[in-house]
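Protein chains in written order, with the working numbering: chain A, 1 to 261; chain B, 1001 to 1394; chain C, 2001 to 2436. See structure below.
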Amino acid sequence: MGKYYIGLDGGSTYLKAALIGKGKVIDTMVRSTGIDNNGTARKIAAELCSRNSLSPSDIGYIMATGYSRKILEVADDDISEITAHAYGVRMTAPKEYRPGMIIDIGGQDSKIIYLDQSYGVKNFSMNDKCAAGTGKFMEVIAQILETTIDNVGPLSLKATNPCDINSTCVVFAQSEVISLVARKYDRCDILAGMHQSMAKRIIKMMKKTEKGVDILMTGGGALNTGLHHAFEEELMRDVYVAQYPQFNGAIGAALIASERG
Amino acid sequence: MKYLKKIVIASVIFIAVGAIAYFAYLFPFYEPETSDFSTSIEKLLSADYLTALIPLFIIIGLTAAGIVLVIVLRKALAKADKKQSRFADARTGRHRGNVPKQKPVWFMILRWTIMIVFAFIAIWGGLIFGMGISALSVPVLSCPWNTEEMTSSSCYYLSHLNELFELPWQSILIFFASTIGFILLLGRAICGFLCPVGLMQDIMDKNRQKTKTEGIKLNEKMYGAVTPARWALVLVFIGLCFAGGNFCNFCPAVAVSPVLAGMSTSLYISGFLMVLILMAGFFKRRAFCMVCPLGTIMGFFHKISLFRIKKDTQSCTECGACYEACPMGIKMIYTEREKVNVTSANCIMCGECIRCCPEDKALSMTCAGIKLYTSSRKKIMSGYEPDKTGRYAK
Amino acid sequence: MTESIKHENLKQRQDKRFINKETQTAAKYLRRMKELSGAPEGMEPFYDTLERIYVDMEYIEKKPGQKTIGTYCVMTPPELIYASGAVPVKLCSGNYTAFSVGENIAPRDACPLVKAVAGFKQTGLMPIYEDCSIMVIPITCDCKKKIAGMLSDSCDIMTMHIPASRNDDDIDEYIRQLYDLMERLENVTGNRITYESLSNGFRKVGYAQYELSEFIRLKKQLPYLIRGSHAMAILNSSSYMPADVWGRALHRVNAALKKRIAEKKTVTSKKLPRILLTGSPIVFPNIKIPLLIEEMGGIVAGDETCMGERGLWDPAVITNDSFDGMIRALANRALRPCPCPTFADNSQRIYRLKQLIKENQIQGVIYHVLRGCLVYDHEYKRIEEELGKLGIPVIRLESDYNEEDIEQLRIRIEAFIELIKLKQAPEKAVAVRRSF
């Protein structure tokens, strides 16, 4: 009987895995998804075990989530991202966070999840059909500005006078950024402007009645300190960041797995 | 505006017929001046009884004539109207076919049986069964001039309060104890189950339904307009005895109950009013009950008496069928959304709202908390039930 | 000369394309519905009707020479139409192909149902539309009002004013309109509406309602007795079948359901989340939402939509046996119990939802909003609050008549179903693992 559980989060760009046991996160791992989702998942699970000197029989249950969850054969069951994220914050949220709202910024989509007092999902809203306000948006802009996604945050914090980026659409924003570059605007200012525009876009998705509650950021986007800063500026209040933002979904899936197994 | 027109036409006809009724009693073949309260079973079986019934025949004849007059006039008016002429025939003509009706409900059968039995008791009961319990007063409008009532009616002393206090205290006590006892126990269920005047109006309504004649549908405003008339009648009912007259002088029940028991009384105004009430009762179910002073007095106690109309506020769909069916025009029964108890002072417990309610358990009648009669979808739809082969009834 | 022939050919080709596309979509959804497990016996007449109308593109079943009257909404009393010797057909449409045509005619924010109707009328290819002698259009919203004007160019229409409230005066006014409607019907069909024909109209519709009450009563008795998508197919096809034929077909389904109850047989042995569908109408072939719910592991245990259970649920209760009494019953039925958001005060809808939740043991409510259907969208907030007090989760799904948003709908529906499942006790399952 295994006491350890694995959650797999098959996102659009990366496959994230989390190993939990004894009520805490033991190990996490991230791989580029590639074209063989299934193989990557299998490898990542095996590697997680060997790295922590566990045998496969120690794993009680594997739960998949994310966009490719249906095709991961290694998993015993799958669960939608929304539920997984809501579960994940039980473990990853800072102590002072009172459950209210989660902003998840993923590679392909961004979502807002409303929680009740006991971390149950009350409701959620997503941006669909469009890459605006997602990690992809950041990536595209970073490329134009000849930097990497990891540097985007620190760079933007250096900004003194953020530019206005009015387009929310990736394609239009791209041309807007190019024209800003041509007009010799500072790279940091442009990035800060991009973060502001993203934050504005996502805040628009929030319900007016729910704006007062505590907000927690998860997903790969939460690693971006610049975006976090932009959110705090736009909302004019503190925004918490989850402990393993990128792995929040995977941890949530593992937590659900631990309830099942 | 169109209501005003209707009201004017209706009142003109009613007054005309009423006037004829009034003068009808002045015809020489009937001598109303001599009041004769002597009656016996033998008289009921002899030919004398027929002469005694003459005033009743006059009432029935005049009512029928009045109703026909109203229908004919209404048809003529509809034909003259450009918009309504097309359907004038469909609305007023004689019809083939029947509307789909739900199967008879036990509650209604029971109610009719009780009404008929009680009317029998109130008219001939004393002659047959003796006057053993005549000290008990039941608050119904069945005429106490008919001295052979098995139980007496509270209406007499309520409209003769000056006489009441001249009685020995035991009689006063029995009167109040029985009257108030009945009111507290049954409340206005007495109107729906016992009252002979109610029965007469219900019979008129049945006749209208059978002949498929269009009735008069009152709306909220018109029901509201009746309220002052009702209060005025209550004042007259109680107060007239102190002003030198009394309600019995023109009580419509006087024209029926003693006559049926084989007595002859003075009927000038009563007969006239009875014709009006029967005509009104034909077109509007229980028209008199809307203004009945005795019923109004009983209505004060609707919060205490045992019979209640209860509503499951959630299963109600506000379809208004109860309001359409209610002879008293109680709208609250379908608009109420919070209170379970929807009994109102006007409710006569006729159960019509429950019979017409299409939602399971939405409305029910309770007596001391015990459910007597509950609305049911199945019963409402029973008229549409297919035969065994699954074909619908043609 | 050649120019006009060329034009004619082009039109023929376009029409052919439209028909191909339309029939393909309808056939696809019909197949998906048939593929769902657990359909009761006796569903064939309903499938056949939908197939006949949308795949074979034929007229509705009727006697030769009988006129068809097009209606929209539940406010047009079918009893009157049967009384005039005609057959009613409900023209509210859920067609994707017609919708895409209609998008060029109606403004962008108009609701898809109206766009689809406009599309059908524009192409002039849908037999049930072309066959109508007159269309009766209750003005329940601005879109309906304008579509009435649009339709009047190409066919005979009659609009009915729907009041904003349901007072006695409004009912009286509606009765007047019903008399007007009867006059139009008599002129169109050439038959007189008599006491007898009207009461026979009542019998026909009443019989259908009798079977529907029976159907819903059976559904309440045993959870998971029938899938919501199948129920939706039955209820949708009532628009295209004469009421008595529909009632007879439903009678057979009811018999099959009774057998199921006796044998305690359900469509599933699992405890699927029971979902109530409410909001804008769901019209075949736009049944993607019930289909998605049931494909994602939920079950539509009840619906409160006007093309579903609500459409025929309220009977006209005759309290006066006169001719006028029957018309009064119709007017009363059309307005008072109707939880259509076109009425200003529609709090009764919340009570009805609560009742449905109680009766059908509902665990979650999906609120369907057709994009542009403002009146339904307005009521969402209040309903969400009220049901939130009961602890029933509500989710709003906005969609229109195209298939592009199916994936987005799928993820929302799936998350919603999981949300309900997690409230139930988790199923314990242990996986024994040897290797990866």
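All C-beta atoms, glycine included, are put in the ideal place defined by N, C-alpha and C.
Note: Y5/A is bridge-paired with I20/A, Y61/A in the DSSP secondary-structure output. Contact annotation: L1194/B and F1118/B have beta-carbon atoms nearer than 9 Å.
Following the DSSP letters along the chain, one finds E1042/B inside the alpha helix (DSSP H) bounded by residues 1041-1045.
Where P1228/B is concerned, the enclosing alpha helix (DSSP H) starts and stops at 1220-1239.
About 5 Å separates the beta carbons of Y240/A and P94/A, which is inside the 8 Å limit, making them a contact pair. In this structure, the CA atom of L48/A is about 14 Å from the CA atom of K3/A. Setting aside the 5 residues that flank it on each side, R260/A is surrounded in the same chain by Y61, each with a C-beta closer than 6 Å to its C-beta; the list follows chain order. According to the DSSP assignment, A2415/C belongs to the alpha helix (DSSP H) that extends over 2406-2423. CA-to-CA, the gap between L1161/B and G1245/B works out to about 12 Å. Interface criterion not met: the Cβ of Y1373/B is under 9 Å from no Cβ in chain C.
Close to T2278/C, with beta-carbon spacing below 9 Å, lies no residue of chain B; the smallest spacing is near 15 Å. Interface flag for Q1170/B against chain C is unset, since no Cβ pair is found closer than 9 Å. With its beta carbon less than 9 Å from one in chain B, G2247/C belongs to the interface.
For C1289/B, the nearest beta carbon of chain C is not closer than 9 Å to its own beta carbon. Exposed is the label assigned to V1072/B, since fewer than 16 other Cβ atoms lie within 10 Å of its Cβ. Within the same chain, Cβ atoms closer than 8 Å to the Cβ of E232/A are found at D238, V239, the five residues on either side in sequence being excluded.
Looking at the backbone, the Cα of A132/A and that of E139/A are separated by about 11 Å. In this structure R2333/C is in contact with D2314/C, their Cβ atoms being roughly 5 Å apart against a cut-off of 8 Å. In the DSSP assignment, D2303/C falls within the beta strand (DSSP E) that extends over 2299-2304.
Within the region 2060-2084 of chain C, no residue has a Cβ lying closer than 9 Å to any Cβ of chain B. Between the C-alpha atoms of S1257/B and V2245/C there is a straight-line separation of about 55 Å. Taking C-alpha positions only, T134/A is separated from I79/A by approximately 22 Å. Chain C has a Cβ within less than 9 Å of the Cβ of N1098/B. For F1182/B, the closest C-alpha among the options K1284/B, I1304/B, I1009/B is that of I1304/B. Neighbours of V121/A in chain C, taken as residues whose beta carbon is under 7 Å from its own, are L2419 in chain order.
With a cutoff of 9 Å on beta-carbon distance, K2115/C and G2102/C are scored as near each other. Distance between V89/A and K111/A, taken at the CA atoms: about 14 Å. The continuous alpha helix (DSSP H) containing H228/A extends over residues 225-235. Assignment of beta-bridge partners to H2368/C by DSSP yields G2279/C, L2397/C.
Using a C-beta cut-off of 8 Å, the region 2004-2020 of chain C makes no contact with the region 1333-1353 of chain B, since fewer than three inter-stretch Cβ pairs fall below that distance. Listed along chain A are S80, each with a C-beta nearer than 7 Å to that of E2414/C. Excluding residues up to 5 positions away in sequence, K1079 lie with their Cβ nearer than 6 Å to the Cβ of S1085/B in the same chain. Cβ-Cβ distances below 6 Å link M2241/C to T2049 in the same chain, with the five nearest sequence neighbours on each side left out; the list follows chain order.
Looking at P1252/B, C1319/B, W1124/B, the one whose alpha-carbon comes closest to that of N2167/C is C1319/B. DSSP, read as helix, strand or coil, puts S2239/C in helix. Here DSSP, grouped into helix, strand and coil, assigns C2132/C to strand.
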